[in-house]
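Here's the structure, in structure tokens; my notes come after.
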Amino acid sequence: MSGGNRASMWEGREAEWRNPSSSAPMSDIVEQRLSRRDLLKGLAASTALGGLGTPIEAEAAGPSSLRFTEIPHSLDGRHHVARGYTARPLVRWGDPIVKGAPAFDPKNLTASGQEKQFGYNNDFLAYMPLPRGSNNSEHGLLCVNHEYTNVNLMFPGVRTRGDTARMTREQVDIDLAAHGLSVVEVKKTNGRWDWVRDSKYNRRYTTNGMAYRITGPAAGDKRMRTAADSSGTLALGTLNNCAGGTTPWGTVLSGEEGFNSNFSGDASKTSEAANHRRYDVRASRGDSWGRNYDRFNVEKEPNEPNRFGWVVEYDPYDPRSRPAKRTALGRIKHEGATTFVAPDGRVAVYTGDDERFEYLYRFVTAGRYNPRDRQANMDLLDEGVLSAARFDADGTMTWLPLIFGQGPLTAANGFNSQADVLIETRRAADLVGATPMDRTEDLEPNPVTGRVYAVLTYNERRGAADAPNARERANAANPRPKNPGGHIIEMIPPGGTGARADHTAEKYRWDFFIVAGDPRKPDEGTRYHSGTSAEGWFARPDNIAFDRRGRIWISTDGMDNYAELADGLFAADTSGPGRALSRHFFATPRGAECTGPCFTPDCKTLFVAVQHPAEETGSTFDTPSTRWPDFVDGVPPRPSVVVITRNDGGEIGS
Ligand code: FEO
Ligand code: CA
Ligand code: CA
Ligand code: CA
133 MSGGNRASMW
143 EGREAEWRNP
153 SSSAPMSDIV
163 EQRLSRRDLL
173 KGLAASTALG
183 GLGTPIEAEA
193 AGPSSLRFTE
203 IPHSLDGRHH
213 VARGYTARPL
223 VRWGDPIVKG
233 APAFDPKNLT
243 ASGQEKQFGY
253 NNDFLAYMPL
263 PRGSNNSEHG
273 LLCVNHEYTN
283 VNLMFPGVRT
293 RGDTARMTRE
303 QVDIDLAAHG
313 LSVVEVKKTN
323 GRWDWVRDSK
333 YNRRYTTNGM
343 AYRITGPAAG
353 DKRMRTAADS
363 SGTLALGTLN
373 NCAGGTTPWG
383 TVLSGEEGFN
393 SNFSGDASKT
403 SEAANHRRYD
413 VRASRGDSWG
423 RNYDRFNVEK
433 EPNEPNRFGW
443 VVEYDPYDPR
453 SRPAKRTALG
463 RIKHEGATTF
473 VAPDGRVAVY
483 TGDDERFEYL
493 YRFVTAGRYN
503 PRDRQANMDL
513 LDEGVLSAAR
523 FDADGTMTWL
533 PLIFGQGPLT
543 AANGFNSQAD
553 VLIETRRAAD
563 LVGATPMDRT
573 EDLEPNPVTG
583 RVYAVLTYNE
593 RRGAADAPNA
603 RERANAANPR
613 PKNPGGHIIE
623 MIPPGGTGAR
633 ADHTAEKYRW
643 DFFIVAGDPR
653 KPDEGTRYHS
663 GTSAEGWFAR
673 PDNIAFDRRG
683 RIWISTDGMD
693 NYAELADGLF
703 AADTSGPGRA
713 LSRHFFATPR
723 GAECTGPCFT
733 PDCKTLFVAV
743 QHPAEETGST
753 FDTPSTRWPD
763 FVDGVPPRPS
773 VVVITRNDGG
783 EIGS
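Residues 133 to 786 (my numbering) are what the sequence shown spells out, left to right.
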């Protein structure tokens, strides 16, 4: 494939790197694959790292283009950022963003207040410049996903996240209103960022708010209909919005992820029993929602779960517009929905399914992006081809289309329409032979190189290459049994770099970018650049973002469970001699995960979302393990967006 030209250039430069000095005990297929990779790219096995035994200076940038002093690994109640930078909480759970909202008062929360206040557990962030279409890096709309809630940190007397039986109806309604999305106008004035009070753009989308349009092939299908919506075209609210993306026409995409755990009732008694089993729809958060709302009880409304698990598209610039659930992109536990325009103008959308042994996907629009007519693009995501990925040990990958009537996707296998294929995307992907992955979190193209990065967070249930269940066996792209630290895969479309990369091609090449985890644990078979410092390694990667130089910024979720260290943000070059040399930039307070890294176009501002601070065993509203970011007695921890700038006003990391 022609995409190989660029790769060989990189390989030439990397050939001077150190080869691994030893192999970790892994299965043959893994060794074959990693050896080939090491041969080609000189990625160092962990036991060859400079950081081991004789840690290299954390300050030394070595061959990396990233110019900042690394911070040490930590675990305490505060956040930390590299010297010379300032990281400041910008907007917090409960801030009164919509006109008329009450001030945050943690002892007197109300549902009507929360509907106008910033939501809980901020995750994905998009910065959309004002005016639309500009590159304004000092004034824009911050578009925020609110993934889930920690009710034990929101309400006094609730002991754990699952302790929902104690919740009052009002608390349940606050909980529903704390989910969803926020749009907040943000502006830099005299060098300081703030959010804009009473902005006409500021708004909330919640789980019990407005009805969203259901569009694309599953719209109106009988499996999408409920008592409240006999048309099957209007879904109330959005749920568990995790990662996301933006489109070239200035809309925001938001992935509905863990919707399955919000329903109560016995799904096995319903007409959708097999479907709900495949999506693990179960009453894991107690019955607080189902007790108060029939639609969350699957015995009363068996089709309601079919109306979640989609990619939502909304227009941040038009507060009156109605978001759409784009069913053509499939129904999974969506992570990310990131776009790239192919040379012929069709648009690829990448999205992953964050569940053990599930798949990753690409959607390619039937129509072409028209940069001169915004309106003509607004329904591009309703028609096109969704495919699931198969990774082969020879370093190639194939996109397998999920089209009703083709291959096994026929009535013989229970599919009677494209709506069936999309509602049961997972089962369709099983049948075409996609590769079961180690929990795909973010999945995003590098806008500079055109290469796509798939973040596999970890999978403690991954079996060995001879495990009894074929889906669970180690495979070429998920080679480590129990995969404790996660890894990042690089997917390489043919056609050339940047805008020439053909994101509609059937076949790509792929390789490992970093095999994460603690390099001091040789059994884990980690692979980092040989110059990685003792502070630069990470585990359980989750969200990624790219700066304007094409460098990758990787946030983590689960370093605390992995190694009793704080989650944070790590950056690395993706090309040149510093490729894959990760460096430690930011650390969250304890109990939190780092999500949503997002740059302004000039890369002088970086936003990150600190999610679930103090989410630790025994931590409650009254006794949280940190009161970040307010540190005021009686005020619980508050998930917040943090704004990071360089003290001298320069570009982040340069
Ligand atoms: Fe919501 Fe997969 O992280
Ligand atoms: Ca995530
Ligand atoms: Ca991302
Ligand atoms: Ca995660």
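Where is the CB? At the ideal position from N, CA and C, for every residue including glycine.
| Check | Outcome |
| --- | --- |
| Nearest-angstrom Cα separation, counted from E622 out to N578 | 10 Å |
| Validate contact between the stretch 345-354 and the stretch 362-373 using beta carbons, cut 8 Å, 3 pairs | yes |
| Distance cut-off 7 Å: T589 Cβ against heavy atoms of ligand 4 | yes |
| Between the CA atoms of G617 and P157 - distance to the nearest angstrom | The pLDDT assigned to P157 is 32, lower than 50, so where the model puts this residue is not dependable; a value taken from the coordinates is nonetheless given after this. Rounded to whole angstroms, P157 to G617 spans 16 Å at the Cα level. |
| Bridge partner(s) assigned by DSSP for C275 | A258 and V315 |
| Burial state of F763, where buried means 16 or more other Cβ atoms lie within 10 Å | exposed |
| Same chain, Cβ closer than 8 Å to R506, five either side skipped, listed in chain order | W381 and G382 |
| Straight-line Cα distance separating A566 from P709 | 34 Å |
| Contact test: D689 Cβ vs ligand 6 heavy atom, cutoff 7 Å | Ligand 6 is not among the ligands present in this structure, which contains only ligand 1, ligand 2, ligand 3 and ligand 4. |
| R409 burial status per 10 Å Cβ neighbour count (16 or more: buried) | exposed |
| Proximity of V647 and L222 at Cβ, strictly below 8 Å | no |
| heavy atom of ligand 1 below 7 Å from E696 C-beta | no |
| Nearest neighbour of P349, chosen from A460, V773 and S206 [CA to CA] | A460 |
| C-alpha gap between F678 and W685, whole angstroms | 6 Å |
| T581 and T471 closer than 8 Å at C-beta | no |
| Buried or exposed by the 16-neighbour rule on C-beta atoms within 10 Å, applied to P769 | buried |
| Proximity to N693 [Cα-Cα], best of R722, W442 and R683 | R722 |
| Span separating the alpha-carbon of A375 from that of Y333 | 22 Å |
| Bridge partners - I624, DSSP secondary structure assignment | R641 |
| Coarse secondary structure for F717, derived from DSSP in three states | strand |
| The stretch 484-500 / the stretch 460-469 touching (three or more Cβ pairs under 8 Å) | yes |
| Beta-carbon spacing of V443, G387 below 8 Å | yes |
| Pair within 8 Å by beta-carbon distance, Y491 and A561 | yes |
| Run of the beta strand (DSSP E) containing W531, from where it starts to where it stops | T528 to P533 |
| DSSP-derived helix/strand/coil call for H205 | coil |
| 8 Å Cβ cutoff met for G216 and N779 | yes |
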